[in-house]
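First up is the structure itself, then whatever we jot down about it.
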Amino acid sequence: RPRIFSGMQPTSDSLHLGNYLGALTQWVALQDDHDALYCVVDLHALTVNPDPAVLRERTRRTAAQYLAGGVDPARSILFVQSHVAEHAELAWVLSCQTGFGEAGRMTQFKDKSAKQGAEGTTVGLFTYPVLMAADILLYDTHVVPVGEDQRQHLELSRNLAQRLNARFGAGTAVVPEPYIVKETAKIYDLQEPTAKMSKSAVSPQGIIELLDAPKVIGKRIRSAVTDAGREIRYEPATKPGVSNLLAIHSALSGRSLTDLEESYEGKGYGDLKVEVAEVVLEALRPFQERFAEYVGDPAELDRVLADGADRARAIAGTVLERVYERVGLVRPR
Ligand code: TYM
Numbered sequence: 004r005p006r007i008f009s010g011m012q013p014t015s016d017s018l019h020l021g022n023y024l025g026a027l028t029q030w031v032a033l034q035d036d037h038d039a040l041y042c043v044v045d046l047h048a049l050t051v052n053p054d055p056a057v058l059r060e061r062t063r064r065t066a067a068q069y070l071a072g073g074v075d076p077a078r079s080i081l082f083v084q085s086h087v088a089e090h091a092e093l094a095w096v097l098s099c100q101t102g103f104g105e106a107g108r109m110t111q112f113k114d115k116s117a118k119q120g121a122e123g124t125t126v127g128l129f130t131y132p133v134l135m136a137a138d139i140l141l142y143d144t145h146v147v148p149v150g151e152d153q154r155q156h157l158e159l160s161r162n163l164a165q166r167l168n169a170r171f172g173a174g175t176a177v178v179p180e181p182y183i184v185k186e187t188a189k190i191y192d193l194q195e196p197t198a199k200m201s202k203s204a205v206s207p208q209g210i211i212e213l214l215d216a217p218k219v220i221g222k223r224i225r226s227a228v229t230d231a232g233r234e235i236r237y238e239p240a241t242k243p244g245v246s247n248l249l250a251i252h253s254a255l256s257g258r259s260l261t262d263l264e265e266s267y268e269g270k271g272y273g274d275l276k277v278e279v280a281e282v283v284l285e286a287l288r289p290f291q292e293r294f295a296e297y298v299g300d301p302a303e304l305d306r307v308l309a310d311g312a313d314r315a316r317a318i319a320g321t322v323l324e325r326v327y328e329r330v331g332l333v334r335p336r
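Using the numbering used here, read the sequence shown as starting at 4 and increasing by one per residue.
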């Protein structure tokens, strides 16, 4: 069976609707016919220098949200990145294969470092995509389900895999394929529907956090920015606000965009918002209930994560050993 790897950073108390539709929902759907590893990438979160207690808390909460969303630890491997030391080890090998200019062309790095200035930008932020490539190549991953914003990082992972194979022989690394579902690849901010919904948005008003109170979620959807005109049509270029709401509705209700357009004929933006709020709240109610169960039982959560780390380590150890051999490191015996 094809192998899947994906991860999210524990950089907020709650995942948002973009993480949910762009990633988590796909993860859950794919675990039926793939061998999947789903990782809480706590080492990546260190690039923003979090408070230690906050990072610990968010790492557990993120894992609990994977479970609440339907990641099944009986079928998939759910673990924390820092529990498997091989991630950092392979990252070093890959960083010696990555061009300085190549890493400098990553748009997320350019955006973030521009915000933070040269002194505020760490080397960790620069090598972030190399660690991400290590996450992926460490498990001979075939498929990586992510949102659109990760496409360029995935391209780097593919280039690094191909480079290893060219320099150290075919079969040194598996070249991963991105899995990006067009309709949900980019969920937009409700207040600024041309920008992606993001944890680092300036204002929380345009974000739907999965663990927010239903009242807050309803209010944010009702105050979403819509567009000129009054027709409810899926037309991202000219009607970004309405199109975003339709995409969210369609992804959660399973109804096609054309079906939705037809059913809203003669109705107004207000009707659309009321229904989108209903659909979102209906999906999030069971999510929030399950989340409460998982965070309420930290011993069970730790057991799941320890078991996941054991299973991940078994794969990672074999792959890292193969790479170390191929690049010419003498192995201890
Ligand atoms: P992160 O933590 O920023 O986001 C987690 C996942 O959510 C997706 N996503 C979105 N999808 C649709 N619309 C949005 N508005 C939206 N915002 C976020 C992201 O594309 C991602 O799939 N670098 C990664 C974490 C990572 C990783 C990996 C992913 C580390 N190693 C290996 C895959 C494989 C990141 O920062 O995701």
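All C-beta atoms in this analysis are idealised placements derived from N, C-alpha and C, irrespective of residue type, glycine included.
Asked	Found
heavy atom of the ligand TYM below 8 Å from Gly209 C-beta	no
Buried/exposed call for Phe8, threshold 16 Cβ in 10 Å	buried
Residue from Arg306, Val83 and Glu292 with nearest C-alpha to Gly73	Glu292
Unbroken beta strand (DSSP E) run spanning Glu180, endpoints	Glu180 to Tyr182
Contact test: Ile190 Cβ vs the ligand TYM heavy atom, cutoff 8 Å	yes
Close-in-space but distant-in-sequence residues of the same chain around Ala137 (CB under 7 Å, 5 per side omitted)	His90, Leu93, Ala94 and Leu97
Beta-carbon contacts of His145 that lie in its chain and below 6 Å, excluding the five residues immediately before and after	Pro5 and Arg6
Rounded separation between Ala231 and Pro196 - CA only	13 Å
Rounded distance between the beta-carbons of Ile190 and Gly21, thought under 8 Å	4 Å
Phe112: CB within 8 Å of a non-hydrogen atom of the ligand TYM	no
His86 versus Gly311: straight-line alpha-carbon distance, rounded	9 Å
DSSP bridge partner residues for Lys199 (one or two, in chain order)	Tyr191
Sheet register partners of Tyr41 (DSSP bridge)	Ser9 and Leu81
Residues bridged to Glu212 (per DSSP)	His19
Any non-hydrogen atom of the ligand COA within 8 Å of Glu158 CB	Annotation note on the ligand COA: not contained in the displayed structure, which lists the ligand TYM as its ligands.
Distance, Leu58 Cα to Phe294 Cα	18 Å
C-beta atoms of Pro217 and Leu140 nearer than 9 Å	no
Reduced DSSP category for Pro55 - H, G, I as helix; E, B as strand; rest coil	helix
The ligand TYM heavy atom lying under 8 Å from the CB of Gln153	yes
For Arg78, the nearest candidate out of Ala32, Met109 and Tyr297 (CA to CA)	Ala32
Closer than 8 Å: Ala26 CB and nearest the ligand TYM heavy atom	yes
CA nearest to the CA of Thr65, picked from Ile220, Glu212 and Lys185	Glu212
Under the three-state DSSP convention, the category Val228 falls into	coil
Presumed contact (8 Å Cβ cut-off) between Tyr23 and Trp30, rounded CB distance	That belief does not hold up - the Cβ atoms of Tyr23 and Trp30 are roughly 10 Å apart, past 8 Å.
Nearest candidate by alpha-carbon position, reference Leu102, set Thr130, Thr125 and His252	One point to set straight first is that residue 102 is Gly, not Leu, in the sequence displayed. Checked all of Thr130, Thr125 and His252; the closest Cα to Gly102 is Thr130.
Pro76 (DSSP reduced to helix, strand or coil)	coil
Contact check, Thr50 vs Gly127, beta carbons under 9 Å	yes
Secondary structure, alpha helix (DSSP H): runs of 4+ residues fully inside the stretch 246–314	260–266 and 272–298
Secondary structure of Val330, DSSP reduced to three states	helix
Buried/exposed call for Gly107, threshold 16 Cβ in 10 Å	exposed
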